[in-house]
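Only one structure is covered here, and it is reproduced in the block below.
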Amino acid sequence: MSSKHRHQQTTTAGRQNTILVTKPRYIIPTQVADKVFLVKPVAVAVSPQDGKIVVADQELSQLILFDRKYKFIKVIGRHGDGECEFDTVKAVTISRDGDIIVADSGNNRIQVLTPSGEFVSMFGKEGGGVGEFREMSDIVVDSQNRIYICDCGNNRIQILDITGSFVREFGCTGNKMVDVPHPQGISVCPSTGNIILADTSNKRIQVFYATGKHRVTIGWGVSDDDGLLEPVSVRAGPDWTIYVADPTQGRVCVYKSDGSLVMEVGHNGNLDNGEQFEPRYLAINREAKELIVVDSLNKRIIVFKA
Numbered sequence: 001m002s003s004k005h006r007h008q009q010t011t012t013a014g015r016q017n018t019i020l021v022t023k024p025r026y027i028i029p030t031q032v033a034d035k036v037f038l039v040k041p042v043a044v045a046v047s048p049q050d051g052k053i054v055v056a057d058q059e060l061s062q063l064i065l066f067d068r069k070y071k072f073i074k075v076i077g078r079h080g081d082g083e084c085e086f087d088t089v090k091a092v093t094i095s096r097d098g099d100i101i102v103a104d105s106g107n108n109r110i111q112v113l114t115p116s117g118e119f120v121s122m123f124g125k126e127g128g129g130v131g132e133f134r135e136m137s138d139i140v141v142d143s144q145n146r147i148y149i150c151d152c153g154n155n156r157i158q159i160l161d162i163t164g165s166f167v168r169e170f171g172c173t174g175n176k177m178v179d180v181p182h183p184q185g186i187s188v189c190p191s192t193g194n195i196i197l198a199d200t201s202n203k204r205i206q207v208f209y210a211t212g213k214h215r216v217t218i219g220w221g222v223s224d225d226d227g228l229l230e231p232v233s234v235r236a237g238p239d240w241t242i243y244v245a246d247p248t249q250g251r252v253c254v255y256k257s258d259g260s261l262v263m264e265v266g267h268n269g270n271l272d273n274g275e276q277f278e279p280r281y282l283a284i285n286r287e288a289k290e291l292i293v294v295d296s297l298n299k300r301i302i303v304f305k306a
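Every letter in the sequence shown is one number past the one before it in UniProt numbering, and letter 6, counting from 1, is 6.
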């Protein structure tokens with residue numbers, strides 16, 4: 001990729017609200033607190049209520065809660081199949097009301113917790129029917145508090161309300177330009193309702209209108225960046241930008257809504273300071289204008305500031 005794409009963050013005219021990252025602002029290290037460590041961080045989410053940060057550690061079957069200044073608060077959960085127990089957490093999101101929503105993939109269920117981590121409800125079981133899941137890979141909440149679930153093993157997206165009641169679904173099978181087999185990542189644009197999917201196996205990002213009609217394809221063979229190799233996490237940013245984690249190449253790509261490339265964070269597995277970098281999951285803190293990245297290689301969370 002040319003250097004002009006890597007350094008376009010220096011020309012910000014007309015992008016006052018776009019998160020254009022330069023260098024790490026803050027790092028949550030492997031050792032979070034006394035006797036609290038990140039072993040296999042896989043997901044991160046930001047509360048729209050108070051800016052609290054939740055990190056999911058798959059190996060420990062735990063959620064780790066931080067305040068808006070990234071100060072450690074508490075550990076939530078343990079391994080198991082009961083309330084506030086998890087098996088192979090794949091993703092986490094936070095509702096408009098601050099509730100923590102967990103894709104408890106190994107138990108084939110969604111758990112809803114209070115903002116402080118107390119149990120509220122759970123729903124789902126293994127299967128291919130309504131409200132049933134196989135190998136959930138990501139979840140996100142839209143502006144109406146509906147939960148969008150990447151039901152990867154069933155090749156579909158399920159949309160449920162916050163209580164687990166079915167809203168609708170759409171399939172993602174095949175290998176055509178607008179199909180997304182085994183969707184890995186999902187995001188919903190808060191202003192338009194557009195749905196963004198990580199089409200990992202086809203090395204692309206697919207964007208759909210809220211109605212489900214295809215809007216644009218980004219990535220392999222169809223845009224000015226033919227280098228997406230493993231797009232696994234996507235997030236809708238300010239000004240209709242799209243953030244994509246590509247861990248195989250050690251970078252986060254930023255696109256306009258039409259699919260044109262704005263910039264990249266990291267290059268060939270390294271940050272600008274030379275540190276190795278393997279982004280696997282993203283979150284956007286809109287109020288603070290921050291990009292939060294799970295750096296799985298280094299077992300840490302990196303925060304980039306506009």
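All C-beta atoms, glycine included, are put in the ideal place defined by N, C-alpha and C.
task: With a threshold of 16 other CB atoms inside 10 Å of the CB of T241, please say whether the residue is buried or exposed.
output: Residue 241 sits at position 241 when you count from the first residue of the sequence shown. The residue is buried, with at least 16 neighbouring Cβ atoms inside 10 Å.
message: So the candidates are D81, T93, D87 and G82; which of them puts its Cα closest to the Cα of L65?
response: Here residue 65 is taken as the residue at index 65 of the sequence shown, counted from 1. Nearest option by C-alpha distance: T93.
- request: From the DSSP output, in three-state form, read off G259 for me.
  value: Counting from 1 along the sequence shown, the entry for residue 259 is found at position 259. Three-state result, G259: coil.
query: By how many angstroms is the C-alpha of F166 removed from the C-alpha of I292?
result: Taking the first residue of the sequence shown as position 1, residue 292 is located at position 292. Taking the first residue of the sequence shown as position 1, residue 166 is located at position 166. The alpha-carbon atoms of I292 and F166 are separated by roughly 30 Å.
- prompt: Does the pairing of the region 104–119 with the region 135–154 give three or more beta-carbon distances under 8 Å?
  reply: yes
- request: In the DSSP assignment, find the beta strand (DSSP E) that holds P181 and state where it starts and stops.
  value: Against the sequence shown, residue 181 aligns to sequence position 181. Where P181 is concerned, there is no enclosing beta strand (DSSP E), given that its DSSP letter is neither H nor E.
query: Would you call the CB atoms of R25 and F304 closer than 9 Å?
result: As a working mapping, residue 25 is identified with position 25 in the sequence shown. As a working mapping, residue 304 is identified with position 304 in the sequence shown. Result yes, Cβ atoms of R25 and F304 sit closer than 9 Å.
field: Simplified DSSP assignment, three categories, for N270
entry: If you number the sequence shown from 1, residue 270 lands on position 270. The answer is strand: DSSP assigns N270 an E or B state.
message: Looking at I302: is its Cβ nearer than 9 Å to the Cβ of V55?
response: Here residue 302 refers to the residue found at position 302 of the sequence shown. Here residue 55 refers to the residue found at position 55 of the sequence shown. Not a contact, by the Cβ cut-off of 9 Å.
message: So, under 8 Å CB-CB, G250 and F277 are touching, yes? Tell me the CB distance rounded to an integer number of Å.
response: Along the sequence shown, read from residue 1 onward, the residue named residue 250 stands at position 250. Along the sequence shown, read from residue 1 onward, the residue named residue 277 stands at position 277. Indeed they touch by this definition, with Cβ atoms about 5 Å apart.
From K40, Q31 and I205, residue whose alpha carbon lies closest to that of F72: By one-based count along the sequence shown, residue 72 stands at place 72. If we check each option's Cα against that of F72, Q31 comes out closest.
field: alpha helix (DSSP H) runs wholly inside the region 31–73, at least 4 long, in chain order
entry: none
- request: Put T248 into one of helix, strand or coil per three-state DSSP.
  value: Locating residue 248 in the sequence shown gives position 248, where the first residue counts as 1. In this structure, T248 counts as helix in the three-state DSSP scheme.
message: Within a Cβ cutoff of 6 Å, which residues of the same chain sit near N154, ignoring the five residues on either side of it in sequence?
response: By one-based count along the sequence shown, residue 154 stands at place 154. Once the five neighbours on either side are set aside, the close Cβ partners of N154 are G128 and R134.
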